[in-house]
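Going by the working numbering, the first residue of the sequence shown is number 42, and it counts up by one from there.
Glycine included, each C-beta is placed from N, C-alpha and C at the ideal position.
As the structure is a computational prediction, the values presented were derived from the model and not from experiment.
As structure tokens, the structure follows; a few thoughts come after it.
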Amino acid sequence: MNADILRTLKALDEDLPYLALLTVKGLKPLSRHEKPMPASEFQILQELGLHTAVVERRTDGPGKTHQIIFSYHPFALEIYEQAFRNKPLRISEERAFLEGWMLGYPPCCVRTIIQSPYVPNGLAKEDQKILFHWACPGCSITPYLLPYYREIWDLVARL
């Protein structure tokens with residue numbers, strides 16, 4: 042992986058190289074960045090082999106927000122765009138399951154966050170902080186993900 046590209050992403054946003062690598066390595070089918078991004082960032086993500094798109098969503102008020110999505114697979118962008126373009130940020134349970142799956146969250150964790158948000162999970166704080174999902178208590182999937190997330194987290198921290 043080109044360290045210069047990752048350093049450039051890190052200078053733009055601390056989480057961006059981490060999200061990009063999780064996506065490039067296949068741990069996340071799709072990632073979402075919710076801060077404004079200049080066109081140059083899109084090009085940098087594309088240099089990593091990622092496809093990019095912008096999805097407009099409706100807020101609770103009269104406003105709109107833009108989500109930058111990126112994936113190694115163009116079909117993942119198409120699915121996300123079909124499901125969420127011009128849709129409210131508040132979504133149904135069914136859409137929450139789709140969104141969680143697209144973002145690489147374990148289904149048990151998605152179910153738990155819908156039913157009982159942020160229930161104590163017994164996960165070490167240093168492990169929970171490197172996840173983009175709230176792990177559910179007793180999750181059988183997250184322990185398999187953590188070593189790979191940690192490896193990428195540590196790589197990005199050394200940049």
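Check this for me: beta carbons of Leu139 and Phe111, under 7 Å apart or not? Stepping through the sequence shown from its first residue, residue 139 is reached at position 98. Stepping through the sequence shown from its first residue, residue 111 is reached at position 70. No, these two residues do not count as a Cβ contact at 7 Å.
C-beta contact flag for Tyr22 and Leu60 at 7 Å: Absent from the structure is residue 22, since the part of the chain shown begins at 42 and ends at 200.
Should Glu88 go down as buried or exposed, given a rule of 16 or more other Cβ atoms within 10 Å for buried? As a working mapping, residue 88 is identified with position 47 in the sequence shown. Glu88 comes out exposed.
When you compare only the Cα positions, how much space is there between Glu97 and Ala44? The sequence position of residue 97 within the sequence shown is 56, counting from 1. The sequence position of residue 44 within the sequence shown is 3, counting from 1. Looking at the two C-alpha atoms, the distance is approximately 31 Å.
Would you check if the distance between the CB atom of Gln57 and the CB atom of Leu68 is smaller than 7 Å? On the sequence shown, residue 57 is found 16 positions in, with the first residue counted as 1. On the sequence shown, residue 68 is found 27 positions in, with the first residue counted as 1. Correcting the residue type first, residue 57 is Leu in the shown sequence and not Gln. Cβ distance not < 7 Å, so Leu57 and Leu68 don't count as in contact.
Span separating the alpha-carbon of Tyr113 from that of Val65: The residue given as residue 113 occupies position 72 in the sequence shown. The residue given as residue 65 occupies position 24 in the sequence shown. Each residue's Cα considered, the two are about 6 Å apart.
With a threshold of 6 Å on Cβ separation, who are the neighbours of Arg73 within its own chain once the five nearest residues in sequence on each side are excluded? Counted from its first residue, the sequence shown places residue 73 at position 32. Contacts found: Gln108, Ile110.
Please name the residue in Ile155, Arg191, Gly102 whose C-alpha comes closest to that of Glu135. Residue mapping note: residue 135 aligns to position 94 of the sequence shown, counting from 1. It is Ile155.
Cβ distance (whole Å) where Pro178 is taken to contact Val151 below 8 Å: Residue 178 sits at position 137 when you count from the first residue of the sequence shown. Residue 151 sits at position 110 when you count from the first residue of the sequence shown. With 8 Å as the limit, Pro178 and Val151 do not qualify as a contact, their Cβ atoms being about 14 Å apart.
Less than 7 Å separating the beta-carbons of Pro158 and Cys180? Residue mapping note: residue 158 aligns to position 117 of the sequence shown, counting from 1. Residue mapping note: residue 180 aligns to position 139 of the sequence shown, counting from 1. No. Outside cutoff.
Let me check understanding here. Comparing Cα to Cα, which of Leu63, Arg131, Lys76, Glu82 lies closest to Ile46? By one-based count along the sequence shown, residue 46 stands at place 5. Looking at the Cα atoms, Glu82 is the closest of the given residues.
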